[in-house]
Every structure is written in C-alpha cells, then in structure tokens.
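Number of protein chains: 2
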Amino acid sequence: MQDRSNSKSPLDNGLSRRQILVAAASTAAATATLGAAAQTSSPRSAVDESVLDVVVIGAGLAGLTAARDLQLAGCESFVVLEGNDRVGGRTLNHHLQNGHYSEAGGQWVGPGQTAVYDLCRELNIGMHPTYLKGKSVYAAQDGSLYEEDSGGGFSVSPNMQRVVDKLNELAADVPSGAAWTAPKAKELDALSLADFIEPYNLEAMDLLSFDVGFRLTDTIHYQEVSLLYALSRINYAGSYEQLEGFTGGAQEQRIENGSQYISEVMAQQVGDRLHLSSPVRKITDWDSDTVSVHSDSGVYRARRVILAISPALCNKVQFQPELPQARRELQQGWPGYSPGRKTCHVYERPFWRDMGYNGWFFTIGGEVMWAYDNSPEDESIGVINAFIYPSMPNDPDVLAPMLANMYARAFGDEALRYTEFHDQDWGQEPWCPACVSPLTPGFLTSGLMPALRDPIGGLVWSGTETAEIWHTYMDGAVRSGHRAALEALHGLSQSQRV
Amino acid sequence: MQDRSNSKSPLDNGLSRRQILVAAASTAAATATLGAAAQTSSPRSAVDESVLDVVVIGAGLAGLTAARDLQLAGCESFVVLEGNDRVGGRTLNHHLQNGHYSEAGGQWVGPGQTAVYDLCRELNIGMHPTYLKGKSVYAAQDGSLYEEDSGGGFSVSPNMQRVVDKLNELAADVPSGAAWTAPKAKELDALSLADFIEPYNLEAMDLLSFDVGFRLTDTIHYQEVSLLYALSRINYAGSYEQLEGFTGGAQEQRIENGSQYISEVMAQQVGDRLHLSSPVRKITDWDSDTVSVHSDSGVYRARRVILAISPALCNKVQFQPELPQARRELQQGWPGYSPGRKTCHVYERPFWRDMGYNGWFFTIGGEVMWAYDNSPEDESIGVINAFIYPSMPNDPDVLAPMLANMYARAFGDEALRYTEFHDQDWGQEPWCPACVSPLTPGFLTSGLMPALRDPIGGLVWSGTETAEIWHTYMDGAVRSGHRAALEALHGLSQSQRV
C-alpha cells in the first residue's frame, strides 16, 4: 500500500482521504490485537507475484475509471498502459497561456449523463454552463451574412419538427445498448439517416441545422450514418432535442479545467502504475490463465486484461491465438477513421459578447462547420473554437488568419487580433483512430455486435463504444470503465478456481 | 444464466436488455466456432458449488445495489438475505388506494446526489420536483397561527445567516468521509451543535427553523448532535443551504413511484436469489476462507459476506469468532435508536394549493415537526405527510382526526374530510433500528471510526453509514453498495490464492 496521506495536492484529494482511512484502519487494527489472519484472508506467498491481477490498456476516461475502481476495491496489482505520452484519450485540452485551457476534444456534458457527473462529484471537479447568449452568424456561399438569435440552440422549423418528432417516436423502441434487438431493426438499419430525411423535402436551412447537428455528433455526413444507429443515440439522450441541444441537452455544461482534467486527476491517483508511451503491440495466451501483454515498455503478464480502447484500435493489436471470428469481423468492420478537427483562437476578451453575439459562426456549404464561444466562465480571455473540415490548410500560418478573417466579417475587426492559435486534427492522432465512430447501415444488424462487450478468455472489453447508454460520449466511457472493473474482478475470482 | 429475455415487465428493463445481449452473445459465439476454453477461463468442476461467492445481508438500497453490481460483473453465485418481508430498508411507500403512493421513509433527492441519480437513470426511473408553491402555516403554543411565504424553503434571518455562514466555513475543512482527520477535529467534536449555536443568541423563529432543519435531517435535537458530525454533512452537501434546502438542495426532487420503487426494481432483477423474512442471527468463521451465515431461512456458506445494514443493526448478529475490539466498540457505540415517525392524510385533491398554501404546517413547541404537501405530480389526489414526535398517540382513530383538526385550522375544514390515513413509526421497525444515526459529540474522534469501512476477513461493510459522501442518505447507500461489490469481488480473487 503506497501511502500518500501526507500529500497536500488537490489532485489526489479523493484517494488520499481513502488512504488516510486505510492507514488509520491499520493502526486501529493493530491496537485491537486483531490476528493477521483476519487482515488478509489467505497467505499469498505461493502466488507468482510477477503475474499481475490486471493490465488496463488505454488511459482515457474508460481505462482510468476502471483502474480507479480496481484501487477502490483494494486491488493494487495492476498497470495501465497508454500509447500516447499523455492521458485523456479523446479528451484533450489546448493548454493556453497563463493556465487557461480550451478543449480540443470531447468537452460537453448534459442531463442524463449521470456517470460522468458522478465521477466529477467524487473527484471534486466542477462544471459551468456553456455560453449561449446572443445571435449566431451564418455565411452563405455567395459571401452574404445572415444573423439569427435562436435562444441558445439550433433552430427547428415546423417542417423539421415533423422529422424530429418521427425520429423521437422511432427511437423510443430502440434499446440503445442493443439496437439490433429493436422491432424492425433490420428495416431501420437498412436506411441511412439521409434516406429517412429525403422524403420530407426539408428547406436548405433545415438541412443545414440537421447536417451540422449530426455532423458534430458523428463527424460524418448523415448519408453515411445508419438510421438505427442514430435512433440508438436519440434513445439514450431521451430525444433529438436532448441529444443535439444545449440547455437541457447534451451540450449544457463544460468541465472546469477542461475535460482532459478528469483523466489527469485519475492518473494522479493511479500514480506510477500508469505507463505512458507504451503502445501495446501484441497480446498472447489470452485464452489461458495468464495473458501476456507485449508493449513498448515491456511484457506484462496478468490474469485479466481490460482493453479500454475503441474496437477499431484493437485492430492494431496482434492476438495469439486469433480472436474468435465474430470479434475479428466486428473490429475489422468498425469505422476506423472519422476525422474531426478543432481549432482555437484566443483573444484578450470575448468582445463579440458586447455586440450581442454568442460567438457562433457557420459557413453554409463551406469549411467551418461551427465556430463557437469557448471562453472561460470568468471572461478573463476570449476563446473561439471551431469545428472545421479536414480539407482546410494544415499550416497554422495560413489557417489561423484565414479563419480570423471569417470571424472578422462576422464579429468585427477585433477578431483579427488573436493572441494564440491552436489546431487539433484527430485524424492525425496515432492512438485515436476516430474521435467518434458512427455505424454505417447494416452493421448493427450484421450479427457481429454481441461480440462488442462480452468478456472472452482473459479479455474484458471497455471503451465508450461498449456502453449501453451514452456510447461515444464521455459518460459512456466512464460507464464502460465501471463495468470493466467489475467484470475483471469477477474474472479474477473465477480464474483461481482449479 | 437465468434467461428472462422474453420478459415484458417494465421492472427488469435494465437487466433484460443485458440478458438479451448475453443470450445473443452465446449464439454468436457458437456460430463463431469459439472454443469452450475461451468462454470460461478455468474448469469449475473441482469447486464446491455449495459455497457461494457472496452473501449480501440487507435488501435496502445498499445491498441491492451491491447485488446488482455482482450480476453486472457476471457473478451469479450469491444470495441476498433480508430480515423484513419487504425490500427497501429505510425507504418505504405507504401504498394508497388506486395505485397511489406516499413515501413513509427517505424520499428526497437533490443536486450532488449523483449516485442515486445515476442508478435511477439506469433503472429508467424518473423524478419530479417537490411541491413548494405557497404559504406555510405556523401554530404557536397559545393556539395562534402565523403565515409566511418563504419561497419554498426555510427562511433565514440575517442573524441566523451569520451562524450558517460560519458553519459553511468550518465545513469546508471537514472531509465528509473521514471527519476525524479534519484540522481541529477534536475541538469540533467536543461540541454539540447547540453549544456552537448558543453564543449567537438566535431569536425563537430562527431557532425553530434551525431545530426543524436539523431534526428532519437527524431526527434528534441538535443538542445531541456533534458539531463535527453536522459539519461532515454540510461538507458533502456543499453548504447548509444545500443540505437543508429544497430548490437546489437535498430535498429538490421526489422519485416517481416512491423511493421504495428503486429497491423493488432491483429486487426484480435479483429474482429468486433474494430471500425475504430471513434475518441473520449468527456469522461464523468470518476469518476463514468460507464464512457461514446463519439465517432464519437456513445456513449459507460463502467466501465473502456483504453486511449492507447499519452498524447498530450489526449488534443483532452474533459473530464467531468475536469481531476485533475496535469494530465491536464502534457497533456498540453507534446510535441504535433515533425514532422517526411519518404520517399521511389522503384527500380527494390538494385543496390547500387553491388557497395559496404549500401544505406546510408547523407546531411551535408542539408535536407536529413539519407537515407538507406530498401529493402526486398530477394532483389526482391530495396528500399531506407529517413528521410527528413519537410521543403522539399510536391509535390511528385518535391520531388521524387529531392531526386533521390541526390541518383544518390551518387550511380550512376540507382538511377534516380525509379518505385515508397511514402512520409509519420507524422506532417500531425490527430491522431498522434507526432511520438515521447522527453521531454524538466525541464519537467521530474516538479512534473507532476507521473500523467502519475496511473489510476484515471475509466481511465487507456496506450501508449508507459507510459512504464517504451523502452518508445516511439514499445516495450514500447506493455508493456504499457499489464499493462493497468491488471489495467483495476483489476479496474473492484474493481468497483463492493458495
């Protein structure tokens, strides 16, 4: 037991409290003349200590939640292996000057995302509302600008409302964690979202709103997204409005210190059991009592392995023996590349707010999907983030002023005087092949999906894709981590039965 | 694996979804020609199947949450033993005519109680706001009435605000789960809340507000409550206002179908592994690999035992060998009797609302601590619940009209025409010795507290009292259940090491 009870770091607040407890308990137990037999139920001398209880692969929200749960359970025999030189997975902060931050990956939370709320509560991490007040600006392809105050959210015309109502109605019968068991699953999965929408003959602005909404959620055009898959997401959110909305919706709040901070706090608790820059290349003997995990920082042997990475990333790992066919096909068919790109312009203050703008900017048919105000709550600096198409220039010296010029047309020349610029292209991340992974028509009902979640041999599958609700969200990642810890501990208890 | 995938009951919605998954996975695995070795990691033929993995004692929120987690982990080798002929522990519904309900035990949830929110989300159980709108009525000892509209909450005078501010300030340094480690813990624990308040010379109405607030939270007079203990609660709530308040506070919302429903849904999932009317009398060999639990429905042997009951109730169990001294003393010193009593008058409609009343009624220095509107959200009937002193008459034919007469003076003669009356006296419950258990001065710093939580031998301690945040609340119970499942599973994995 590592004793950090003297640590004053606010980062390990949760654990140090527990460690104090454990330390205090040991003392109390000693004074209570409790026999050693009562402290540890069995002698451990015969155990091969070089065999760990668990190896966790991936130090994103899923893997670190699982690791934290193992620790809370009393399990100290584990490591966490992370391919990157940082934690957080698909959450990442642009670290700005003077300790400011702007999220470069997943960033919002909203009602119903109770797992991530609970985790933040336990870690003593706060939240604040997304800034929404004011008018949005739309740039048409002919260069003309259009302003609208939609009251903090995407506007929905009566015609579009019919589409939304129908989606909500259909989604009610789709269990989000097992969409393939829904009535008419095959029919719904044969269609793309675009197929479904087409007969409604929506106006251009409705289509834009719809396209932007789903593109922000899924990164790809809704022509490529299975209707059944879209319904599974609407199901867990409660409604289309709650999935795509801000107030009362999945984009209602931001995490204090940025979403990556959640993982950073958990990483502090895991301590030196976390190994960064340790991509896993090969897993052998996963069907035996002791699995070997071959990483760039060495070979680790363990009785259970939690793979807290996306199914697509599992393809980068060589398995010996081969995985069962269904699992292999699941991984191979899983979307492995859905690029997302997020930029960040920093200003001395959020000047657009004074002019009644919310910082939202769209180019209709252009390359800025959505720019938005991502300033800190205290307005000490101004930040405009943007989701842009991967086709935009990579050179920041070209891209930064190009975007700033667009913002200047919308919000005035002050937009040209940015103090910092950052760009995050998720398509370039070696250990995050896709920021989200919307499923294409036919995949959910291919018969492969049951291989997504159920443990096989010494392997436990985690990662947001495996969550029953809020899959592909931070919340789903946390849920999948909790489940994985339980499954791994249960597996350990079984593996000793000889 | 019990297959309930064909069940249409809304009660097992969460699990049936998972069970569908599991069933589907088995099919897929079979078609994928996956070897049997990959399905179960070790042969189990040599295992003594009469020894369970886990016995859970107590079918309240803590025990059932733990049992549900065991199931989610894949563990099916457990039973839940409950002394009562019902589940829910300190949550209980008065079951009214026509399917209506009114909570007779713990009933409210509020911001920060993320564990119970998350559980309800997973179980598909909704919530609705507590009814607050209108004036409250106070009855003085001379019979005079006084009305006040405090906007849905207890009013706080400027003088009282000084007390509250000081409490909040002190609470910030008290870690709720380990209050004894706070700076000046001994000093703060030497005082009662009354000692702390006295120097402020509060007015009678302030004292009433304070007394009612803490009495509703703790059931006893604040003269008996340790200041340090009170601070530990304010700490987890965030502030005194959040602990005692309604909107934005711990009494903000009610559970749909009543709080007992949460346990009823989980009990459905546990199925026939739950044994009601099975009080546990004795636990033997808790320091060995196989613990024996002697209950009225038989002796169960298990490798781990989760005691999801209050420390006071543990005194009713005989342990062989004796528990360590610190644990014994902890249990013996734990408050075992803090009576709470809750009545319920049912009316055709919440008529008081029409007259601008919120249904709140207090007798200053009298026996009605607090009566309040507990009607269903749709106003289909009217319900007035009341916290009353145990000294009130037990005979419902005497008590019901006595209370109705008081309500009639406050809200008009319609209050006399109630259609049902119910009374729940927690002091009479055989397996709930105390609805809450506020700690008296000196207990938290007695050195016994570390024995509250840490597993010993095959025993894992659960129950809301063991939670690090929101102890004595439903939320704490759920948290303690999650932790207990993790600890039990970890213990199982260790107990096999020979």
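For the protein sequence lines, the chains are A and B, in the order given. All residue numbers for the first sequence refer to numbering that gives the first Met the number 0, where the first residue is 0 and numbers rise by one. All residue numbers for the second sequence refer to numbering that gives the first Met the number 0, where the first residue is 0 and numbers rise by one. Using N, Cα and C, we set each Cβ at its ideal position, and we do this for glycine too. Remember, predicted model here, so these are calculated numbers, not experimental data.
Hey, quick one: how far does the alpha helix (DSSP H) through residue i stretch, first residue to last?
| i | result |
| --- | --- |
| valine 216 of chain A | First, the amino acid is wrong: residue 216 of chain A is threonine here, not valine. Threonine 216 of chain A -> alpha helix (DSSP H) spans 203-217. |
| tyrosine 235 of chain B | 226-236 |
| tyrosine 239 of chain B | 239-243 |
| serine 262 of chain B | 259-269 |
| asparagine 158 of chain B | 157-170 |
| valine 477 of chain A | 473-494 |
| threonine 113 of chain B | 113-122 |
| glutamate 428 of chain B | Element bounds for glutamate 428 of chain B: n/a, residue is neither H nor E. |
| aspartate 499 of chain B | Outside the shown range of chain B (0 to 497) lies residue 499 of chain B, about which nothing can therefore be said. |
| arginine 67 of chain B | 60-72 |
| isoleucine 56 of chain B | Careful: isoleucine 56 of chain B lies outside any alpha helix (DSSP H), inside the beta strand (DSSP E) at 50-56. |
| leucine 192 of chain A | 192-196 |
Which residue from the options puts its Cα closest to that of residue i?
| i | options | result |
| --- | --- | --- |
| arginine 85 of chain B | B:Gln112, B:Glu147 and B:Ala266 | B:Ala266 |
| lysine 478 of chain A | A:Gln96, A:Gly82, A:Gly105 and A:Tyr116 | Contrary to the premise, residue 478 of chain A reads as arginine rather than lysine in this sequence. Nearest C-alpha to arginine 478 of chain A: A:Tyr116. |
| asparagine 200 of chain A | A:Asp353, A:Val397, A:Met159 and A:Thr289 | A:Met159 |
| serine 135 of chain B | B:Leu91, B:Gln106 and B:Ala370 | B:Ala370 |
| glutamine 324 of chain A | A:Ala483, A:Val224, A:Gly111 and A:Pro449 | A:Pro449 |
| proline 128 of chain A | A:Val211, A:Thr246 and A:Cys119 | A:Thr246 |
| leucine 192 of chain B | B:Asp210, B:Gln493, B:Lys183 and B:Ser492 | B:Asp210 |
| aspartate 372 of chain A | A:Thr362, A:Glu366, A:Ile383 and A:Ile363 | A:Ile383 |
| leucine 166 of chain B | B:Glu464, B:Leu242, B:Asp288 and B:Val459 | B:Leu242 |
| isoleucine 254 of chain A | A:Ala170, A:Asp474 and A:Gly480 | A:Asp474 |
| histidine 344 of chain A | A:Ser309, A:Met401 and A:Cys313 | A:Met401 |
| phenylalanine 195 of chain B | B:Val264, B:Gln317 and B:Ala229 | B:Ala229 |
| arginine 303 of chain A | A:Leu63, A:Val78 and A:His93 | A:Val78 |
| lysine 132 of chain A | A:Trp359, A:Gln317, A:Leu273 and A:Thr444 | A:Trp359 |
| serine 50 of chain A | A:Ser262, A:Leu122 and A:Val290 | The question names serine, but residue 50 of chain A is valine in the sequence shown. With distances taken between Cα atoms, valine 50 of chain A lies closest to A:Val290. |
| tyrosine 472 of chain B | B:Tyr100, B:Gly104 and B:Ala58 | B:Gly104 |
Return the first residue and the last residue of the beta strand (DSSP E) that residue i is part of.
| i | result |
| --- | --- |
| alanine 370 of chain B | 367-372 |
| proline 395 of chain A | That residue, proline 395 of chain A, is in no beta strand (DSSP E); its alpha helix (DSSP H) goes 395-410. |
| valine 173 of chain A | Counting along the chain, valine 173 of chain A falls outside any beta strand (DSSP E), and DSSP gives it neither H nor E. |
| phenylalanine 386 of chain A | 381-387 |
| alanine 103 of chain A | Premise fails: alanine 103 of chain A is in no beta strand (DSSP E) and is neither H nor E. |
| lysine 134 of chain B | 134-138 |
| glutamine 252 of chain A | 252-254 |
| phenylalanine 77 of chain A | 77-80 |
| isoleucine 282 of chain A | 279-283 |
Assuming residue i contacts residue j under a Cβ cut-off of 8 Å, what Cβ separation, rounded to an integer in Å, is found between them?
| i | j | result |
| --- | --- | --- |
| glutamine 259 of chain B | leucine 91 of chain B | 5 Å |
| valine 108 of chain B | tyrosine 299 of chain B | Their Cβ separation, rounded to whole angstroms, is 33 Å, which puts valine 108 of chain B and tyrosine 299 of chain B out of contact at 8 Å. |
| glutamine 268 of chain A | arginine 67 of chain A | 6 Å |
| leucine 215 of chain A | methionine 368 of chain A | 7 Å |
| isoleucine 387 of chain B | arginine 340 of chain B | 5 Å |
| alanine 61 of chain B | leucine 485 of chain A | The pair is not a contact, with the Cβ atoms about 16 Å apart (cut-off 8 Å). |
| tyrosine 235 of chain A | isoleucine 468 of chain A | 4 Å |
| glutamate 428 of chain B | leucine 275 of chain B | Wrong, their Cβ atoms sit about 15 Å apart, outside the cutoff. |
| glycine 490 of chain B | proline 432 of chain B | The pair is not a contact, with the Cβ atoms about 27 Å apart (cut-off 8 Å). |
| glutamate 419 of chain B | leucine 95 of chain B | 6 Å |
| asparagine 314 of chain B | glycine 335 of chain B | 7 Å |
| leucine 329 of chain A | leucine 447 of chain A | 4 Å |
Quick one: does residue i have its CB under 8 Å from some CB of chain C?
| i | result |
| --- | --- |
| leucine 443 of chain A | Among the protein chains in the structure shown, which are A and B, there is no chain C. |
What residues from the segment 115-131 of chain A come within 7 Å of chain B, judged by C-beta to C-beta, listed N to C?
Residues passing the 7 Å Cβ filter: Tyr116, Asp117 and Arg120.
Sequence ranges, alpha helix (DSSP H) only - wholly within the segment 291-358 of chain A, length at least 4:
310-313, 324-332 and 350-353
Counting only Cβ-Cβ distances shorter than 9 Å, please list the residues of the segment 465-491 of chain B near chain A, keeping chain order.
Contact residues of the segment 465-491 of chain B toward chain A are Glu467, Ile468, Arg478, His481, Arg482, Ala484, Leu485, Glu486, Ala487, Leu488, His489, Gly490 and Leu491 (C-beta to C-beta distance below 9 Å).
If the cut-off is 7 Å on Cβ atoms, which residues from the segment 328-344 of chain B count as contacting chain A, listed in chain order?
none
Please list the residues of the segment 73-89 of chain B that have a C-beta atom closer than 7 Å to any C-beta atom in chain A, keeping them in chain order.
Gly73 and Cys74
Where the segment 264-276 of chain B meets chain A: residues whose CB sits under 8 Å from a CB there:
none
Check each residue of the segment 55-73 of chain A: if its Cβ is closer than 8 Å to any Cβ of chain B, include it; give the result in chain order.
Asp68, Leu69, Leu71, Ala72 and Gly73
According to a CB-to-CB cut-off of less than 8 Å, which residues of the segment 98-115 of chain B neighbour chain A?
So the close ones are Gly111, Thr113 and Ala114.
Counting only Cβ-Cβ distances shorter than 7 Å, please list the residues of the segment 277-308 of chain B near chain A, keeping chain order.
Listed in sequence order: Asp286 and Asp288.
When Cβ atoms are compared, which residues of the segment 171-184 of chain A fall closer than 7 Å to chain B?
Pro174, Gly176, Ala177 and Thr180
Counting only Cβ-Cβ distances shorter than 8 Å, please list the residues of the segment 187-199 of chain A near chain B, keeping chain order.
none
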